[in-house]
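Shown next, in structure tokens, is the structure this report addresses.
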Amino acid sequence: MPIAAAMKAGLERGSWIRKMFEAGIELKARLGADAVFDFSLGNPDLEPPREFLDALKAAATADEPGTHAYMTNAGYAFARAAMAQKVASEHGVPTSTDDVVMTVGAAGALNVILHTVLNPGDEVVVVRPYFAEYSAYVENHGGVLVVADSAPGFSLDPAAVARVLSPRTAAIIVNSPNNPTGRVYPRADIEALAAVLSAHASRCGRAPYLVVDEPYRDIVYDGVAVPPVLSAYPDSLVASSFSKTLSIPGERLGYIAVNPACADKALLVAGLVASNRVLGFVNAPALMQRAVTASWRAKADVSRYARRRDMLSSVLEGAGIRFARPEGAFYLFCEAPTSATPLKPGETADIAFAMALKDRGVLSVPGVGFGYPGWFRLCYCVPEATIEGSRAAFASTMESFEYCA
Ligand SMILES: Cc1ncc(COP(=O)(O)O)c(C=O)c1O
Numbered sequence: 000m001p002i003a004a005a006m007k008a009g010l011e012r013g014s015w016i017r018k019m020f021e022a023g024i025e026l027k028a029r030l031g032a033d034a035v036f037d038f039s040l041g042n043p044d045l046e047p048p049r050e051f052l053d054a055l056k057a058a059a060t061a062d063e064p065g066t067h068a069y070m071t072n073a074g075y076a077f078a079r080a081a082m083a084q085k086v087a088s089e090h091g092v093p094t095s096t097d098d099v100v101m102t103v104g105a106a107g108a109l110n111v112i113l114h115t116v117l118n119p120g121d122e123v124v125v126v127r128p129y130f131a132e133y134s135a136y137v138e139n140h141g142g143v144l145v146v147a148d149s150a151p152g153f154s155l156d157p158a159a160v161a162r163v164l165s166p167r168t169a170a171i172i173v174n175s176p177n178n179p180t181g182r183v184y185p186r187a188d189i190e191a192l193a194a195v196l197s198a199h200a201s202r203c204g205r206a207p208y209l210v211v212d213e214p215y216r217d218i219v220y221d222g223v224a225v226p227p228v229l230s231a232y233p234d235s236l237v238a239s240s241f242s243k244t245l246s247i248p249g250e251r252l253g254y255i256a257v258n259p260a261c262a263d264k265a266l267l268v269a270g271l272v273a274s275n276r277v278l279g280f281v282n283a284p285a286l287m288q289r290a291v292t293a294s295w296r297a298k299a300d301v302s303r304y305a306r307r308r309d310m311l312s313s314v315l316e317g318a319g320i321r322f323a324r325p326e327g328a329f330y331l332f333c334e335a336p337t338s339a340t341p342l343k344p345g346e347t348a349d350i351a352f353a354m355a356l357k358d359r360g361v362l363s364v365p366g367v368g369f370g371y372p373g374w375f376r377l378c379y380c381v382p383e384a385t386i387e388g389s390r391a392a393f394a395s396t397m398e399s400f401e402y403c404a
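With numbering that gives the first Met the number 0 applied, the sequence shown corresponds to residues 0 to 404, in that order.
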């Protein structure tokens, strides 16, 4: 047996995002790149801001001794101090350098947190639809994924969360602005969730950690504000990165910030730092810590994403496809229509529609990948020509589909 059974099963299950990405390569080779409209991957197409590129050049030419050496596993103190300042201003709590661990992206941050807090069989609550990788991250560290429903319109439903909490609940991961729905959870929902978690903690003696996964915090539209979370609940942590807001996902820089009011904070931070080491990350990339510390206040040009959102919304409206209007991030979550052709065994409406779109060169991701069959996701961090070019393909696919109600 060359690989572990769990990994083999994972490969066989596959990821819908990966499947669509591979389908795209095959389609581009067959039809030509101009006939393929790829909305499958959340890979920002905007270049990083000038401030970041300048800071990167300056960091790359610095020749102080030790610039490329190992460092403390938590990351450079100057980078952690900058992130503490950032989180303090966003979450309204007095975060300091000692509350921050620099990580390899938000993905690294989430894995470090879960490795630190989970005992075998502990439960981690997520709200569906959820970022597809959460299930793998939870399983990586011996946890069990527990799924709570969202409220209509994809906002948080604290009562639904309350129903799935148990004495085994170690954490809940909340992602806002959300992938795949683009929803930004309002302050009232966050406060209601905090009240549910606090009541659960008083009843069963175990306070679940509230993990806020927010790599899209700065990508919001129409004046929507992302409310603070750490100020609402003490046992909370931020997992974030610069992958989306500085358009540098390949550079792998993220961070964890622990609420200064968290119980046993020093022990938790020591565990996070040790996890960063033993998971093999060792420390976050040195050069990126330098470049981002000097440029983190710069942001992607959100107005360009807003324009893409509006363009894609108009394409979908033109084709008669229903969707939830996003307030943030760069995803559109759409309701899958149905056709007269019966579904194949194991197929859901979102898969059937995604396949029909694929036949016309449009790549989307079925909602099953996000724990939400019946809907599908489109990423609009793509060139405007891709969005405009897809208009005819969406319209012609819809000719053989409709909504029942
Ligand atoms: C909700 C969410 N969390 C975490 C990540 C991982 O981000 P990173 O590339 O910074 O590891 C992503 C990436 O798409 C995401 O959408």
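For glycine and all other residues, C-beta sits at the position ideal for the given N, C-alpha and C.
In this text the structure is predicted, and so the values were computed from the model without any measurement.
According to the neighbour-count rule (16 or more other Cβ atoms, all chains shown, within 10 Å of its Cβ), is residue i buried or exposed?
i, result
"Ser274", "buried"
"Phe77", "exposed"
"Met82", "buried"
"Asn258", "buried"
"Arg376", "buried"
"Asn110", "buried"
"Glu89", "buried"
"Glu11", "exposed"
"His140", "buried"
"Leu342", "exposed"
"His199", "buried"
May I have the straight-line CA-CA distance separating residue i from residue j, to the nearest angstrom?
i, j, result
"Phe280", "Ser246", "21 Å"
"Pro409", "Val381", "Given a span of 0 to 404 for the chain in the structure shown, any question on residue 409 remains unanswerable."
"Phe153", "Thr337", "21 Å"
"Gln84", "Trp295", "11 Å"
"Ile171", "Asp188", "14 Å"
"Glu190", "Leu117", "25 Å"
"Gly366", "Trp374", "5 Å"
"Ser39", "Ser201", "43 Å"
With residue i and residue j assumed to form a contact (beta carbons below 8 Å), what rounded beta-carbon distance in angstroms separates them?
i, j, result
"Phe332", "Thr180", "4 Å"
"Ile255", "Leu236", "6 Å"
"Ala58", "Arg251", "No, Ala58 and Arg251 are not in contact; Cβ-Cβ is about 15 Å, not under 8 Å."
"Leu267", "Thr115", "7 Å"
"Phe322", "Cys378", "Actually they do not touch by this definition, with Cβ atoms about 13 Å apart."
"Pro227", "Leu192", "Going by Cβ atoms, the distance from Pro227 to Leu192 rounds to 13 Å, so no, they are not a contact pair."
"Ser175", "Pro214", "At roughly 11 Å, the Cβ-Cβ gap does not stay under 8 Å, so Ser175 and Pro214 are not in contact."
For residue i, decide whether its Cβ has a neighbour in chain D, counting only Cβ atoms nearer than 8 Å.
i, result
"Gly279", "Among the chains in the structure shown there is no chain D, since it carries only a single protein chain."
Just the residues with CB closer than 6 Å to a heavy atom of ligand 1, in chain order, which are they? Output, sorted by chain position: Gly41, Gly104, Ala105, Ala106, Phe130, Asn174, Asn178, Asp212, Pro214, Ser240, Ser242, Pro248, Gly253.
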